[in-house]
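See below for the structure under consideration.
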Amino acid sequence: MNLLKTLQTAQKENKKLIAVLVDPDKVSLADVETICYRINNAPVDYMLLGGSTVCENQTEMIAREIQKHITKPVILFPGNYTHLTNYADALLFLNLISGDNPEYLIHQQVKAVPFLSKSTLEIIPTGYLLIDGGTESSTLKVSKTKPICQQNIEHIVNTSIAGQYMGQKILYLEAGSGASTPVAKDVVNAVYNSLNIPIIVGGGIRTLKKIKEIHKAGATLVVIGTAFELNDIF
């Protein structure tokens, strides 16, 4: 699978995609088959696998089991270099450009190199922006960074453009898992109009109407998590 090429083509052709985020720390091996069955039969394109506070080796264990049951591509969305595994198709190689914590700007990436240099994963440089979603997400706690206020659209856009200039191939706008306020359509649209790389948007998206709204604003890939867990969306 060439995920980056697929997303780039989808962006050019205005094709809209959906991914379900599965947090390895929230599922057991016994849950995996059921989760995969639901994703396989849902109108979604990908599974994202990852979380901010996953125990070491948990991702490897869950990912190995997922591969026995999933029929759709699996994309790693790691919160830490220890969450990497080859039991996936691609990796969003995240660079937390909205914050100033060097651990998530470069240190985690350097620590990942010994694994990735021998890996079969497709590695996609991804600019990652935390946007204020009205709740203190686990990502904020772990990264020790502050989200960008949704009203500060100019700063969000400038940070996104800087990410593109730095060579990021995808831009991910994240309001945080379970956010009370997802990334606003005006924010997504402003970023979309300023970039020529695909945009991913996630956090607090709970309805099909909201998915369509975010897609229409310019997102190529919308990520859902909590709503899927609660059987509230499909």
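Taken in order, the sequence shown gives residues 36 to 269; the numbers are from the working numbering.
Cβ coordinates follow ideal geometry from the N, Cα and C atoms, glycine included.
Small disclaimer: the values here were computed from a predicted structure and weren't measured.
Is it right to say residue i is buried, meaning 16 or more other beta carbons lie within 10 angstroms of its own, or is it exposed?
{"i": "Asp7", "result": "Residue 7 lies beyond the stretch modelled for the chain, which goes from 36 to 269, so this question has no answer here."}
{"i": "Leu127", "result": "buried"}
{"i": "Val145", "result": "exposed"}
{"i": "Glu59", "result": "It is Pro, not Glu, that sits at residue 59 in the sequence shown. Pro59 comes out buried."}
{"i": "Cys184", "result": "exposed"}
{"i": "Cys90", "result": "exposed"}
{"i": "Ser215", "result": "exposed"}
{"i": "Gly239", "result": "buried"}
{"i": "Lys204", "result": "buried"}
{"i": "Leu230", "result": "buried"}
{"i": "Asp66", "result": "exposed"}
{"i": "His250", "result": "buried"}
{"i": "Glu48", "result": "exposed"}
{"i": "Ile209", "result": "This sequence places Glu at residue 209; Ile is not what is there. By the neighbour-count rule (16 or more Cβ atoms within 10 Å), Glu209 is buried."}
{"i": "Thr174", "result": "buried"}
{"i": "Ser212", "result": "buried"}
{"i": "Ile268", "result": "buried"}
Under DSSP, the alpha helix (DSSP H) around residue i begins and ends at which residues?
{"i": "Asn224", "result": "220-227"}
{"i": "Ile101", "result": "93-101"}
{"i": "Val67", "result": "64-75"}
{"i": "Ala197", "result": "188-200"}
{"i": "Leu175", "result": "173-178"}
{"i": "Leu151", "result": "143-151"}
{"i": "Ile110", "result": "Unbroken run through Ile110 is the beta strand (DSSP E), 109-111; no alpha helix (DSSP H)."}
Thinking C-alpha only, which one of the options is nearest residue i?
{"i": "Tyr81", "options": "Ala123, Asn231, Leu164, Gly239", "result": "Ala123"}
{"i": "Ala262", "options": "Glu68, Val67, Thr94, Ile74", "result": "Ile74"}
{"i": "Gly169", "options": "Asn228, Val257, Val218", "result": "Val218"}
{"i": "Asn121", "options": "Ile101, Lys50, Asn76", "result": "Ile101"}
{"i": "Thr106", "options": "Gly211, Arg241, Met36, Ser172", "result": "Met36"}
{"i": "Lys51", "options": "Leu111, Ala254, Gly260", "result": "Ala254"}
{"i": "Met96", "options": "Gln203, Ile259, Ser63", "result": "Ser63"}
{"i": "Val257", "options": "Ala45, Asn92, Lys251, Ile53", "result": "Ile53"}
{"i": "Pro160", "options": "Leu151, Ile70, Asn130", "result": "Asn130"}
{"i": "Gly202", "options": "Ile191, Gly162, Gly237, Asp167", "result": "Gly162"}
{"i": "Ser154", "options": "Tyr116, Leu140, Ile141", "result": "Tyr116"}
{"i": "Asn228", "options": "Leu206, Ser212, Ala210, Gly211", "result": "Leu206"}
{"i": "Gln186", "options": "Ile166, Ser172, Leu175", "result": "Ile166"}
{"i": "Gly61", "options": "Leu175, Ala77, Gly86", "result": "Note that residue 61 is Lys in the sequence shown here, rather than Gly. Among Leu175, Ala77, Gly86, the Cα nearest to that of Lys61 is on Gly86."}
{"i": "Ala252", "options": "Ile234, Val109, Ile259", "result": "Ile234"}
{"i": "Ala45", "options": "Ile232, Tyr200, Glu138, Ser152", "result": "Ile232"}
{"i": "Gly114", "options": "Ser133, Leu84, Arg99, Pro108", "result": "Leu84"}
{"i": "Leu39", "options": "Cys71, Ile268, His142, Pro108", "result": "Pro108"}
{"i": "Glu189", "options": "His104, Ile259, Ala225, Arg99", "result": "Ala225"}
{"i": "Val192", "options": "Ser133, Asn76, Leu42, Thr41", "result": "Ser133"}
{"i": "Glu264", "options": "Cys71, Asn136, Gln43", "result": "Cys71"}
{"i": "His118", "options": "Thr94, Ile141, Arg99", "result": "Thr94"}
How is the beta strand (DSSP E) around residue i delimited, first residue to last?
{"i": "Thr161", "result": "157-165"}
{"i": "Ile259", "result": "256-259"}
{"i": "Leu42", "result": "Taken as a continuous stretch (DSSP letters only), Leu42 belongs to no beta strand (DSSP E), being part of the alpha helix (DSSP H) at 38-48."}
{"i": "Ile132", "result": "Per DSSP, Ile132 belongs to no beta strand (DSSP E) and is neither H nor E."}
Is it the case that the CB of residue i approaches a heavy atom of the ligand PLP more closely than 7 Å?
{"i": "Tyr122", "result": "For the ligand PLP, the structure offers nothing, since it holds no ligand at all."}
Whole-angstrom Cβ separation of residue i and residue j, contact assumed at under 8 Å?
{"i": "Glu171", "j": "Ala125", "result": "Actually they are not in contact, since the Cβ atoms of Glu171 and Ala125 sit about 29 Å apart, beyond 8 Å."}
{"i": "Gly237", "j": "Leu111", "result": "The Cβ separation is near 14 Å, so there is no contact."}
{"i": "His104", "j": "Glu138", "result": "Contact doesn't hold; Cβ gap of about 34 Å is too wide."}
Whether or not the segment 179-187 and the segment 236-255 are in contact is what I'm after, with contact meaning three or more pairs of Cβ atoms, one per stretch, closer than 8 Å; do they touch?
no
Contact the segment 146-154 vs the segment 186-206: 3+ CB pairs below 8 Å:
no
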